[in-house]
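The sequence shown runs 678 to 1086 under our numbering. Backbone N, C-alpha and C define an ideal beta-carbon position, used for all residues, glycine too. Report on the structure given below.
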Amino acid sequence: MNLPSQLADSSGASRLQIFVSDLGATGVVRNAIALANEAAASGYQVRLLTCNPDGLLRAQLRPDVTIVRLNEGSDAARPRRAQMQRALLAYRKHSRDWAPDIMLSAGNHGHLLSTIAWLGLRGTKVLRISNDINHGSPSWLTRVWRAAKFAVIGSLADKLVLVSQAQGKHSFLARQIAVGKADIIANGVDADAVRAAAASPCAHPWRDEPRTPYALAVGRHVKQKNFDVLLRAFAKARAERPLRLMILGEGEPSALDRLRSLASELGVEGDVQFVPATGNPFPYIASASALILPSLWEGSANVLLEAIACGTAVVASRTAGDADHVLGSGKFGLLVDPCDVDQLADAILRQVGPDSVRPGNRAADFGRAEAMRKYIQLFDDLSRPRARGEARVSRSPTLEFPASSAARA
């Protein structure tokens, strides 16, 4: 497909292409958008490739970042893996025709698709390792398989970017750091922007009814987030004092049904609310008595940084990526074993009470501006030498770039 002529650019600005599966309200997407916006502000031509551009965070993109839709609109109802499989031909065609200087896959879920789409193409290939490669503590066979898979994927990339020091403990990634192929650029938070967004109106009645505190968890309804253990811990804590729990996020309907059934089984369904994902979760985070991050694994959880930016008390699992580092080994929030229901319940009770451990000004140590500076420096080092200038795109159109249905059948 030929791109519209008004999108052509002769300024010589370096081209950056970023892939993310959709524009839903997830940490991977928030970081991808921050990267796209910062690069566009720094003079790069930026295109964000996605299977489904109609997500909650779309409006946060700068107008000079071009969105490229890889799939037909009808594919949006399919599972994410199916959407990405159907996007392969369009992804490869765009990468070949636009010939970006840098191609970045923003999250682990897109790395296999990206490396296949990039095979044989010019341009520097970058994988941002957004999550724990092992996905917790799997069997030795699973660990071997995942290490082998990432070894193949990693060999096809020119650069790996890790989002936390904790990821560098993995043997494969440690070797990549040692040979200079991987860099660590820790996630950051724009604390001022988070606090400003937290002051926005919020219609949920719990925000303005402080008599009964509520704990908040944010994330998709998937095994990684460990919400079943959270519900069991909440039930134990709820038996000790009036308390409510809000789980903010989305997932497959069957997963939500299981969580609702568990809440009912535990007798706490009246004190638990499941709230759909929102582009602005910060009013909920700021008004919660405590943010609970019980994840079995993470790379670097955005919501943890956002909570400390809001000054909200935090309970996090020790396995949640770099949570131990962010919370100063317990100085700025409580750390727990994610599988220990009693320990998690006790921590919730502590953090919603008067003796909670607060984050203070800890967010100042994780500013997003420094993370963005490091990314732009990396892009500058990786891009082909060419004059940088202002891109001519004056607005943010969505380019329809799907392969034909016949070609994908």
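DSSP places V952 in the strand class (E or B) of the three-state scheme. Between I830 and the set R707, K846, Q853, the nearest pair of CA atoms involves Q853. Counting the other CB atoms within 10 Å of its CB gives W795 a total of 16 or more, which places it among the buried residues. Per DSSP, reduced to three states, the secondary structure at S782 is strand.
In this chain, V866 is not harboured by any alpha helix (DSSP H), its DSSP state being neither H nor E. Straight through space, the alpha carbons of A783 and D699 are spaced by roughly 11 Å. Nearest in C-alpha terms to V1029, of all of T889, S841, N708, D741, is T889.
Non-local C-beta neighbours of Q1020 in its own chain, meaning closer than 6 Å and more than five positions away in sequence, comprise V1013, D1014, ordered along the chain. Under DSSP, the beta-bridge partners assigned to R805 are V838. Within the same chain, Cβ atoms closer than 8 Å to the Cβ of W775 are found at L680, R692, Q694, R724, the five residues on either side in sequence being excluded. Distance from A978 to G750 at the Cβ level is roughly 31 Å; contact not present, criterion being Cβ atoms closer than 8 Å. Setting aside the 5 residues that flank it on each side, A912 is surrounded in the same chain by L943, V945, each with a C-beta closer than 6 Å to its C-beta; the list follows chain order. In the displayed model, T727 falls within a strand according to three-state DSSP. Pairing K802 with A834 gives a Cβ-Cβ distance under 8 Å. According to the DSSP assignment, R692 belongs to the beta strand (DSSP E) that extends over 692–696. Between the alpha carbons of R872 and G988 lies a gap of roughly 9 Å. As the crow flies, the alpha-carbon of T819 is around 32 Å from that of F951.
Counting only runs of 4+ residues, the alpha helix (DSSP H) found wholly inside the segment 964–992 occupies 979–987, in chain order. In the structure shown, I810 adopts coil according to DSSP, grouped into three states. In this model, S832 and V697 are separated by some 21 Å (Cα to Cα). For Y891, no alpha helix (DSSP H) run applies; the uninterrupted beta strand (DSSP E) run containing it begins and ends at 891–895, by DSSP.
Annotation: the continuous beta strand (DSSP E) that includes T743 extends over 742–746. Taking every protein chain shown into account, the CB of A910 has 16 or more other CB atoms within 10 angstroms, so this residue is buried. Around the beta carbon of I710, a 10 Å sphere encloses 16 or more other beta carbons of the protein chains shown; the residue is thus reported as buried. Annotation: V821 is outside any beta strand (DSSP E); the continuous alpha helix (DSSP H) that includes it extends over 817–833. In the DSSP assignment, L925 falls within the unbroken beta strand (DSSP E) covering 921–925. One Cα belongs to L765, the other to T727, and the distance between them is close to 11 Å. Contact between G926 and A965 does not hold, since the beta-carbon distance rounds to 14 Å and is not under 8 Å.
Bounds of the beta strand (DSSP E) holding V1013 are 1011–1013.
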